[in-house]
Amino acid sequence: MKKRLLLPGIIVLLFALFTQFTFAVDSGSPDISLNNSPINAKAHIAEGNLYLPVRAICESLGYNVEWLQADKTVEITSDGTLILLNFNKLMIEVNNHDYYMTEERITINDRIYMRSDFFTENFDLSIKWDKTDGKISLNSIKANPISIRTIKETSENSELKVTLQYPQIDGLENKLVQDEINALFKQLAENAAKEGAKNAAELAEYAKEHPDGSPNSCETYFNYHVKYNQNNILSLVLLNYQYAKGAHGSTLQTSYTINLETGKQYSLKDLFKENSDYVSIISDGIKAKLTERNLMNVLLVPFDKIREDHSYYITNDSVVIYFQQYEILPGAAGIQEFSTDFSILNNLFIEPDIFK
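With positions in the sequence shown counted from 1, the corresponding number in this note's numbering is that position plus 390.
Given below as structure tokens:
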């Protein structure tokens with residue numbers, strides 16, 4: 391039986407991560423431009439991450455931004471779009487798709503800043519951070535002409551709570567490819583539910599043999615994040631959290647990068663020219679970031695290099711490598727991610743125009 395952690399514990403664990411594993415702290419307030427026009431607000435750099443002011447960016451994009459004091463919620467609206475940042479529940483809701491906040495936001499002088507990936511995922515933006523001149527450039531991108539619906543399925547009894555959210559896409563010319571992609575995402579969610587049911591059955595048997603044991607029920611939480619949606623490519627991350635009694639649960643992260651014209655799923659090595667040295671370039675960057683995050687001394691195993699087909703996803707500006715819990719670091723470190731900017735890898739891509 392796999393031992394995993396209740397959902398509220400995920401948030402506690404993630405926040406504890408930043409006290410137990412301290413990242414190198416940067417500071418600074420770079421200037422911001424949107425589509426080559428300056429914004430009257432500053433970005434903020436903290437612990438190697440880029441944070442952007444919510445109101446200034448969203449209003450510059452034409453959204454209406456309201457602070458709902460009673461609910462401690464930021465409401466961002468435009469025609470057909472509703473985004474809620476609920477700081478009471480630590481939840482983000484984007485057009486009926488909701489997920490938990492972790493380290494994604496900070497507050498400075500009563501202004502709310504969200505980490506840069508919140509903007510790239512939800513506002514069709516690419517972000518360039520020029521560390522030499524200290525400027526942040528935001529540019530609108532042309533997203534794929536598709537719609538992404540969130541399917542929600544929930545159930546709960548005394549033995550198991552299940553929360554599933556998975557994407558279904560519409561608008562592809564090739565309906566066979568569309569059906570195959572949608573069937574894949576649905577099957578992955580169903581597999582997570584089956585895993586939860588198996589855990590619950592095992593826990594019920596355990597409870598019969600140990601009636602004085604913990605009464606905890608099992609829990610399954612399955613969700614997704616779209617990371618890249620342009621140039622006929624869709625890259626997204628899927629999170630499968632399972633709790634099955636005990637002090638801790640765990641989250642398995644998987645990802646898919648898919649050609650929307652053909653349905654082809656790209657492994658990491660599929661992105662690069664044959665015999666290109668992408669493994670060394672990405673691995674060297676990971677070593678540098680492990681040092682920056684003060685994690686080299688707590689590695690469970692020495693890190694040399696990534697696999698040729700290592701787990702990854704792409705964003706609007708980078709290739710992101712990730713490691714599962716306990717893969718190279720203690721479980722409290724969570725799922726560690728390491729990004730490599732497209733500009734560093736551009737000469738190695740088979741199709742460099744996709745990653746401009």
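C-beta: ideal position from N, C-alpha, C; glycine also.
Taking 7 angstroms as the threshold (C-beta atoms), are residue j and residue i in contact?
i: Tyr611; j: Ala579; result: no
i: His434; j: Ser419; result: yes
i: Thr647; j: Tyr656; result: yes
i: Met504; j: Val444; result: yes
i: Gln558; j: Ile536; result: no
i: Leu628; j: Cys608; result: no
i: Leu550; j: Ala590; result: yes
i: Lys695; j: Ser673; result: yes
i: Tyr712; j: Ile725; result: yes
i: Leu574; j: Gln568; result: no
i: Tyr631; j: Leu738; result: no
Could you please give the first and the last residue of the uninterrupted alpha helix (DSSP H) stretch that includes residue i?
i: Glu595; result: 565-599
i: Ile734; result: 732-735
i: Ser506; result: 506-512
i: Glu741; result: Per DSSP, Glu741 belongs to no alpha helix (DSSP H) and is neither H nor E.
i: Ile447; result: 444-450
Could you compute how far the alpha carbon of residue i sits from the alpha carbon of residue j?
i: Pro398; j: Glu741; result: Annotation note: pLDDT 47 at Pro398 (below 50); position unreliable, coordinate value reported separately. So the alpha carbons of these two residues sit roughly 42 angstroms apart.
i: Ile676; j: Ala634; result: 33 angstroms
i: Asp560; j: Asn613; result: 19 angstroms
i: Glu465; j: Gln459; result: 11 angstroms
i: Glu698; j: Leu626; result: 20 angstroms
i: Thr730; j: Ala678; result: 11 angstroms
i: Tyr618; j: Ser427; result: 24 angstroms
i: Phe411; j: Gln714; result: Here the model assigns Phe411 a pLDDT of 42, short of 50, so the residue's position is not dependable and the matter cannot be decided.
i: Lys659; j: Leu680; result: 23 angstroms
i: Pro700; j: Gln577; result: According to the sequence shown, residue 700 is His rather than Pro. Cα to Cα, His700 sits roughly 23 angstroms from Gln577.
i: Ile538; j: Ile571; result: 12 angstroms
i: Ala722; j: Gly636; result: 15 angstroms
i: Lys521; j: Asn736; result: 19 angstroms
i: Ser733; j: Thr510; result: 17 angstroms
i: Glu585; j: Pro692; result: 32 angstroms
i: Lys393; j: Asn478; result: Because the pLDDT at Lys393 is just 35, under 50, the model does not fix this residue reliably, and the value given afterwards should be weighed accordingly. Their Cα atoms are separated by approximately 28 angstroms.
i: Asn649; j: Ser548; result: 42 angstroms
Would you give the residue range spanned by the beta strand (DSSP E) that residue i belongs to?
i: Leu364; result: In the structure displayed, the chain extends from 391 to 746; residue 364 sits before or after that span and is not available.
i: Ile538; result: 537-546
i: Ser708; result: 708-713
i: Ser468; result: 463-468
i: Glu483; result: 481-484
i: Asp520; result: 515-520
Leaving out five residues before and five after residue i in sequence, what residues of the same chain have Cβ atoms less than 6 angstroms from its Cβ?
i: Asp488; result: Met481
i: Ser545; result: Val552
i: Trp519; result: Leu440, Ile526
i: Thr352; result: This structure does not reach residue 352, given that the chain is present from 391 up to 746, and the question cannot be answered.
i: Glu483; result: Leu474
Determine the burial state of residue i: buried for a count of at least 16 other Cβ atoms within 10 Å of its Cβ, exposed for fewer.
i: Met686; result: exposed
i: Thr749; result: In the structure as shown, the chain starts at 391 and stops at 746, and residue 749 therefore has no counterpart that could be examined.
i: Ala582; result: buried
i: Ile447; result: buried
i: Leu566; result: exposed
Ignore the nearest five residues each way along the sequence and tell me which others in residue i's own chain have a CB closer than 7 angstroms to its CB.
i: Phe508; result: Glu494
i: Gln620; result: Ile531, Lys532, Ala533, Asn534
i: Pro720; result: Val688, Leu690
i: Leu472; result: Asn485
i: Trp457; result: Val464
i: Phe513; result: Leu451
Using a Cβ-Cβ cutoff of less than 8 angstroms, which residues in the same chain neighbour residue i once the five nearest sequence positions on both sides are dropped?
i: Lys432; result: Ser419, Pro420, Asp421, Ile422, Pro443
i: Tyr702; result: Ser645, Thr647, Leu658, Val709, Val710, Ile711, Tyr712
i: Gly524; result: Gly418, Pro420, Asp421
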